[in-house]
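Colleague: I have a structure here, written as structure tokens, and I will follow up with some questions on it.
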Amino acid sequence: MNKLIKYEFRKSLFPKLVILAATAVVEIVYLVGVFGEYENPTFAGILGLVFAAVAGLTYIGIESIVTLYRDLTTKQSYMLFMTPNSSYKILGAKALENGLSILLAGLFFGGLAYFDLDLLEKERSTFALIKEQLENMLQSIDSRLSFSTATFLILLFMLLCSLIGRIVIGYLAVVLTCTVLSGKKGAAFISLLVYIAISILIGFLMDKIPAMDSINSSLLIQSCIYLGISIVFYVITGWLMDKKLSV
Amino acid sequence: MKYTTSTPIYMQVADSVKEKIVTGEISPGEKLPSGRDLALAYTINPNTAARVYQILEQEQVSFTKRGLGTFVTEDPERIRLLRSEMAEQLLDQFINGIERLGITKEEAIDMIKEKEG
Amino acid sequence: MLESKEVTKVFGRKTAVDHISLKLDPGHIYAMLGPNGSGKTTWMKMAAGLIKPTSGEIWYNGHPLEINSRREIAYMSTEPYFYNWMRVSDVGKYYQDFFSDFSMDRYKELLDRMELTGDLKTRSLSSGMMAKLKIAVTMARDARVIMLDEPLNGIDLLARDQIMTSIVETVSSDRVLLISSHLVEELETVADYAVFIRQGHLADFRELEELRMTEGISVADKYRQIYGAGGEYHE
Numbered sequence: 001m002n003k004l005i006k007y008e009f010r011k012s013l014f015p016k017l018v019i020l021a022a023t024a025v026v027e028i029v030y031l032v033g034v035f036g037e038y039e040n041p042t043f044a045g046i047l048g049l050v051f052a053a054v055a056g057l058t059y060i061g062i063e064s065i066v067t068l069y070r071d072l073t074t075k076q077s078y079m080l081f082m083t084p085n086s087s088y089k090i091l092g093a094k095a096l097e098n099g100l101s102i103l104l105a106g107l108f109f110g111g112l113a114y115f116d117l118d119l120l121e122k123e124r125s126t127f128a129l130i131k132e133q134l135e136n137m138l139q140s141i142d143s144r145l146s147f148s149t150a151t152f153l154i155l156l157f158m159l160l161c162s163l164i165g166r167i168v169i170g171y172l173a174v175v176l177t178c179t180v181l182s183g184k185k186g187a188a189f190i191s192l193l194v195y196i197a198i199s200i201l202i203g204f205l206m207d208k209i210p211a212m213d214s215i216n217s218s219l220l221i222q223s224c225i226y227l228g229i230s231i232v233f234y235v236i237t238g239w240l241m242d243k244k245l246s247v
Numbered sequence: 001m002k003y004t005t006s007t008p009i010y011m012q013v014a015d016s017v018k019e020k021i022v023t024g025e026i027s028p029g030e031k032l033p034s035g036r037d038l039a040l041a042y043t044i045n046p047n048t049a050a051r052v053y054q055i056l057e058q059e060q061v062s063f064t065k066r067g068l069g070t071f072v073t074e075d076p077e078r079i080r081l082l083r084s085e086m087a088e089q090l091l092d093q094f095i096n097g098i099e100r101l102g103i104t105k106e107e108a109i110d111m112i113k114e115k116e117g
Numbered sequence: 001m002l003e004s005k006e007v008t009k010v011f012g013r014k015t016a017v018d019h020i021s022l023k024l025d026p027g028h029i030y031a032m033l034g035p036n037g038s039g040k041t042t043w044m045k046m047a048a049g050l051i052k053p054t055s056g057e058i059w060y061n062g063h064p065l066e067i068n069s070r071r072e073i074a075y076m077s078t079e080p081y082f083y084n085w086m087r088v089s090d091v092g093k094y095y096q097d098f099f100s101d102f103s104m105d106r107y108k109e110l111l112d113r114m115e116l117t118g119d120l121k122t123r124s125l126s127s128g129m130m131a132k133l134k135i136a137v138t139m140a141r142d143a144r145v146i147m148l149d150e151p152l153n154g155i156d157l158l159a160r161d162q163i164m165t166s167i168v169e170t171v172s173s174d175r176v177l178l179i180s181s182h183l184v185e186e187l188e189t190v191a192d193y194a195v196f197i198r199q200g201h202l203a204d205f206r207e208l209e210e211l212r213m214t215e216g217i218s219v220a221d222k223y224r225q226i227y228g229a230g231g232e233y234h235e
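Chains A, B and C supply the protein sequences, listed in that same order.
Here the first sequence stands for residues 1 to 247, numbered as in my numbering.
Here the second sequence stands for residues 1 to 117, numbered as in my numbering.
Here the third sequence stands for residues 1 to 235, numbered as in my numbering.
Structure below.
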């Protein structure tokens with residue numbers, strides 16, 4: 001499995017390097033603005049960083065689904081399917097690599113944001129104001145939110161689970177396009193509909209969960225549901241690949 | 001080696017080996033290449049190479065020493081006979097050819113005598 | 001060792017392979033012959049596990065084809081398939097990572113013979129070099145079944161000779177070699193069986209030397225008989 005993960009990482013390396021390079025550029029612009037006390041670069045830097053973070057995370061979020069589609073529809077598929085790896089291993093490696101990438105990217109951008117805002121505080125006292133604003137905003141969403149470490153960690157775990165869930169549903173859509181729906185008109189469109197439908201269903205399911213006293217418990221339950229969904233769709237997708245897929 | 005692909009390959013290779021024995025390129029008693037090496041040398045299938053040696057052994061042109069390999073016969077009489085056999089083969093082909101052209105044996109002998117070398 | 005039981009593949013309205021049954025035994029080189037679109041590649045891909053039959057089964061070593069069969073079956077496709085970020089050396093490492101029967105030494109030896117170096121990028125290889133690379137990496141595996149789909153296409157004469165030598169070297173009593181080719185004449189001396197595929201059917205299955213002995217014709221002549229204009233050939 002490790003070897004599969006190694007190659008999944010290598011396949012996705014180039015776009016990640018591009019994102020890293022772009023982020024570095026806007027970060028430099030921002031730093032110039034903050035230390036040189038120029039308004040415009042600081043502002044431009046912040047905008048650039050937000051954009052890089054959003055675009056970067058969005059791309060990494062769907063990257064493995066796009067790669068899977070490419071892996072299944074081009075001759076590159078032979079690389080994977082001539083090896084003695086079951087579809088479960090192949091999908092598992094993809095999901096793990098992507099999930100970890102998203103988490104690391106999230107931590108990277110999160111850490112960068114914290115560092116950059118901290119700099120701002122040292123230079124300007126407005127940071128303290130911004131931090132207060134953020135706290136207020138969070139409180140208004142849910143009165144139980146606070147910056148406790150335990151909550152933060154469980155939140156990350158829940159995010160990872162939900163991300164893996166969404167990725168696996170994406171895999172199912174791709175595999176459906178290439179197996180059951182293969183050759184039929186509008187296969188990709190139907191898969192997209194399936195993806196959206198399942199996502200909406202899960203949304204409903206999440207809403208139905210009764211609110212718990214502790215936010216940690218709530219988060220844990222959501223995590224378990226996402227994990228359960230991931231496992232179910234993972235098994236279905238793997239089965240389809242093993243039994244029905246021709247490349 | 002150029003092959004005629006409409007006649008069995010193993011016979012053509014066997015003939016090639018026999019010719020080498022007759023001309024002395026391969027000496028009496030000399031060790032012949034292994035089946036694999038023969039296949040590589042002639043770019044033929046190893047099973048065909050095995051057949052070559054089967055036929056050579058049947059005709060007592062070669063013999064196998066268990067564990068040591070295949071060797072050319074040391075019997076000078078056999079090799080002399082081989083030379084005659086191969087000459088016969090060529091003669092048959094030649095006679096067939098000239099008969100098809102309507103040339104008599106006597107005419108052919110004269111033509112040969114007139115030929116240089 | 002490799003058996004095809006009434007294998008059929010239908011793509012939409014086209015039947016690419018129609019109830020083909022055959023058995024391939026180790027120790028032989030089988031030439032799979034037939035024009036473009038006759039079903040050779042589709043059959044090979046089914047034997048490699050890349051395509052799933054519509055009906056019928058492929059059996060390997062006495063049981064239906066499964067994921068682990070891939071450990072012992074090597075298939076070389078007609079199309080290039082390596083990841084485009086790879087160099088020739090990366091291709092070798094990939095095979096080494098996933099196939100326990102892959103020999104890095106043999107790979108380097110074959111690359112040498114074909115005059116390819118490890119630092120070359122796969123995306124900048126000419127079609128001839130790519131063809132050689134595919135052969136090198138496939139034959140560096142000590143597989144029990146080696147299937148080469150049109151290995152001589154796009155390869156110059158000298159390299160072809162080397163490939164034929166490599167193929168003869170690879171014959172062994174526990175290995176099946178299946179080669180499909182348009183270049184019928186190239187395979188005449190090296191193959192010992194011919195599998196003729198015509199419009200998805202198995203048209204004929206002959207031992208070559210026997211064909212020469214009993215009918216006095218070459219494989220190329222037989223090919224013309226089976227596929228030539230006139231088409232009264234009966235299977």
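All C-beta atoms, glycine included, are put in the ideal place defined by N, C-alpha and C.
1) Please name the residues in the segment 68-87 of chain A whose beta-carbon is closer than 8 angstroms to at least one beta-carbon of chain C, in chain order.
2) Give me the Cβ distance between Glu-63 of chain A and Leu-49 of chain A, rounded to the nearest whole Å; I'm assuming they're in contact under 8 angstroms.
3) Short of 7 angstroms in beta carbon distance, which residues of its chain neighbour Phe-233 of chain A, apart from the five on each side in sequence? Order them along the chain.
4) Please classify Arg-51 of chain B as buried or exposed, where buried requires at least 16 neighbouring CB atoms within 10 angstroms.
5) Just verifying my parser: in three-state terms, what is the DSSP assignment at Pro-64 of chain C?
6) Thinking just about the alpha-carbon of each residue, which of C:Glu-207, C:Ser-89, C:Thr-54 is nearest to the one in His-19 of chain C?
7) His-19 of chain C versus chain B: which residues are under 8 angstroms apart at the beta carbon?
8) Any idea if Tyr-114 of chain A is buried or exposed, counting beta-carbon neighbours within 10 angstroms, 16 or more meaning buried?
9) If you follow the alpha helix (DSSP H) that Arg-70 of chain C is in, where does it begin and where does it stop?
10) So, helix, strand or coil for Gly-67 of chain B, using DSSP?
11) Using a Cβ-Cβ cutoff of 7 angstroms, what residues of the segment 159-179 of chain C are near chain B? List them in chain order.
12) Keeping to the same chain, check which residues put their C-beta closer than 7 angstroms to that of Asp-142 of chain C; ignore five residues upstream and five downstream.
13) What residues of chain C sit near Leu-245 of chain A, judged by a beta carbon separation below 8 angstroms?
14) Mind pulling the chain C residues with CB within less than 9 angstroms of Ile-9 of chain B?
15) Determine, using beta-carbon pairs with one atom in the segment 13-28 of chain B and one in the segment 221-235 of chain A, whether at least three such pairs fall under 8 angstroms.
16) State the start and end residues of the unbroken beta strand (DSSP E) segment that holds Asp-18 of chain C.
17) Does the contact criterion of 3 or more C-beta pairs under 8 angstroms hold for the segment 128-141 of chain C versus the segment 73-89 of chain C?
18) Short check: CB of Leu-32 of chain B to CB of Thr-70 of chain B, under 8 angstroms?
19) Thinking C-alpha only, which one of C:Pro-80, C:Met-44, C:Arg-198, C:Tyr-193 is nearest Leu-148 of chain C?
20) Assess, as a yes-or-no matter, whether the segment 60-75 of chain A is touched by the segment 96-107 of chain A under the definition of 3 or more beta carbon pairs within less than 8 angstroms.
21) So within the segment 180-243 of chain A, which uninterrupted alpha helix (DSSP H) runs reach at least 4 residues, ignoring any that extend past its ends?
22) With a threshold of 8 angstroms between beta-carbons, can Ser-218 of chain C be considered close to chain B, or not?
23) So with Cβ pairs under 8 angstroms, would you call Ser-6 of chain B a contact of chain C?
24) Which of the three DSSP states, helix, strand or coil, is assigned to Asp-97 of chain C?
25) Where does His-28 of chain C land, buried or exposed, given buried means 16+ other C-beta within 10 angstroms?
26) Buried or exposed, going by whether 16 or more other CB atoms sit within 10 Å of the CB of Thr-189 of chain C?
27) Which value, in whole angstroms, describes the spacing of the CA atoms of Leu-110 of chain C and Leu-120 of chain C?
28) Just the C-alpha distance for Lys-105 of chain B and Met-86 of chain B, rounded to the nearest angstrom, thanks.
29) On the DSSP bridge assignment, give the partners of Tyr-193 of chain C in chain order.
30) Please classify Gly-89 of chain C: does DSSP put it in a helix, a strand, or coil?
31) On a CA-only basis, which of B:Ile-9, B:Tyr-10, B:Ile-98, B:Asn-45 is nearest Ser-172 of chain C? Give me that one, please.
32) Please tell me whether Tyr-88 of chain A and Leu-50 of chain C are closer than 8 angstroms, where the distance is taken between their beta carbons.
33) Can you pull out the residues from the segment 19-35 of chain C whose beta carbon lies closer than 9 angstroms to at least one beta carbon of chain B?
34) Compile a chain-ordered list of the residues in the segment 141-159 of chain C whose CB is closer than 9 angstroms to at least one CB of chain B.
35) How would you call Asp-25 of chain C, buried or exposed, if buried means at least 16 neighbouring beta carbons within 10 angstroms?
Modeller: Quick answer:
1) Listed in sequence order: Lys-75, Gln-76, Ser-77, Tyr-78, Met-79, Phe-81, Met-82, Thr-83, Pro-84, Asn-85, Ser-86.
2) In the first sequence, counting from the first residue as 1, residue 63 of chain A sits at position 63. In the first sequence, counting from the first residue as 1, residue 49 of chain A sits at position 49. 20 angstroms between Cβ atoms; not a contact.
3) Position 233 of the first sequence, counted from the first residue, corresponds to residue 233 of chain A. Val-168, Ile-169, Leu-172.
4) Position 51 of the second sequence, counting from 1, holds the residue named residue 51 of chain B. Arg-51 of chain B is buried by the Cβ-count criterion.
5) Along the third sequence, read from residue 1 onward, the residue named residue 64 of chain C stands at position 64. Here Pro-64 of chain C sits in strand by DSSP.
6) Within the third sequence, residue 19 of chain C is the residue found at index 19, counting from 1. Here the closest residue by C-alpha is C:Thr-54.
7) Indexing the third sequence from 1 puts residue 19 of chain C at position 19. None at all; the shortest Cβ gap to chain B is about 29 angstroms.
8) Sequence index remark: in the first sequence, residue 114 of chain A carries index 114 (1-based). Answer is exposed; the Cβ neighbour count stays below 16.
9) On the third sequence, residue 70 of chain C is found 70 positions in, with the first residue counted as 1. Note, Arg-70 of chain C: premise wrong, no alpha helix (DSSP H); not H, not E.
10) For the purposes of this step, residue 67 of chain B is taken as the residue at position 67 of the second sequence. Here Gly-67 of chain B sits in coil by DSSP.
11) Met-164, Thr-165, Val-168, Glu-169, Val-171
12) For the purposes of this step, residue 142 of chain C is taken as residue 142 along the third sequence, with counting starting at 1. So the list reads Asp-101, Ser-103, once near-sequence residues are dropped.
13) On the first sequence, position 245 is the one that residue 245 of chain A refers to. Chain C residues near Leu-245 of chain A: Lys-52.
14) Within the second sequence, the letter at position 9 stands for residue 9 of chain B. Neighbours of Ile-9 of chain B on chain C, chain order: Glu-188, Thr-189, Leu-208, Glu-209, Arg-212.
15) no
16) Looking up residue 18 of chain C in the third sequence gives position 18. Run containing Asp-18 of chain C: 14-24, per the beta strand (DSSP E) assignment.
17) yes
18) Along the second sequence, read from residue 1 onward, the residue named residue 32 of chain B stands at position 32. Along the second sequence, read from residue 1 onward, the residue named residue 70 of chain B stands at position 70. Cβ distance < 8 angstroms, so Leu-32 of chain B and Thr-70 of chain B count as in contact.
19) By one-based count along the third sequence, residue 148 of chain C stands at place 148. With distances taken between Cα atoms, Leu-148 of chain C lies closest to C:Met-44.
20) The answer is yes - the segment 60-75 of chain A touches the segment 96-107 of chain A, with three or more Cβ pairs under 8 angstroms.
21) For the segment 180-243 of chain A, whole alpha helix (DSSP H) runs of length 4 or above, ordered along the chain, are 187-208.
22) Position 218 of the third sequence, counting from 1, holds the residue named residue 218 of chain C. For Ser-218 of chain C, the answer is yes, since a Cβ of chain B falls inside 8 angstroms of its Cβ.
23) To locate residue 6 of chain B, count along the second sequence from 1; it is residue 6. A Cβ of chain C is located within less than 8 angstroms of the beta carbon of Ser-6 of chain B.
24) Walking along the third sequence from the start, residue 97 of chain C turns up at place 97. Asp-97 of chain C falls in the helix class under three-state DSSP.
25) What you label residue 28 of chain C is simply residue 28 of the third sequence in a count that begins at 1. The residue is buried, with at least 16 neighbouring Cβ atoms inside 10 Å.
26) The sequence position of residue 189 of chain C within the third sequence is 189, counting from 1. Buried: at least 16 other Cβ atoms inside 10 Å.
27) Position 110 of the third sequence, counting from 1, holds the residue named residue 110 of chain C. Position 120 of the third sequence, counting from 1, holds the residue named residue 120 of chain C. Rounded to the nearest angstrom, the two C-alpha atoms are 15 angstroms apart.
28) Position 105 of the second sequence, counting from 1, holds the residue named residue 105 of chain B. Position 86 of the second sequence, counting from 1, holds the residue named residue 86 of chain B. Distance between the alpha carbons of Lys-105 of chain B and Met-86 of chain B is about 20 angstroms.
29) For the purposes of this step, residue 193 of chain C is identified with residue 193 of the third sequence, where counting begins at 1. Tyr-193 of chain C pairs with C:Tyr-30, C:Glu-207.
30) As a working mapping, residue 89 of chain C is identified with position 89 in the third sequence. Checking the displayed sequence, the identity of residue 89 of chain C turns out to be Ser instead of Gly. Note: Ser-89 of chain C maps to helix in three-state DSSP.
31) Position 172 of the third sequence, counted from the start, is the residue given in the question as residue 172 of chain C. Measuring from the Cα of Ser-172 of chain C, the nearest candidate turns out to be B:Asn-45.
32) What you label residue 88 of chain A is simply residue 88 of the first sequence in a count that begins at 1. What you label residue 50 of chain C is simply residue 50 of the third sequence in a count that begins at 1. For the pair Tyr-88 of chain A and Leu-50 of chain C, the CB atoms are not nearer than the 8 angstroms cut-off.
33) Gly-27, His-28, Ile-29
34) none
35) Taking the first residue of the third sequence as position 1, residue 25 of chain C is located at position 25. The residue in question, Asp-25 of chain C, is exposed, as its Cβ has fewer than 16 Cβ neighbours within 10 Å.
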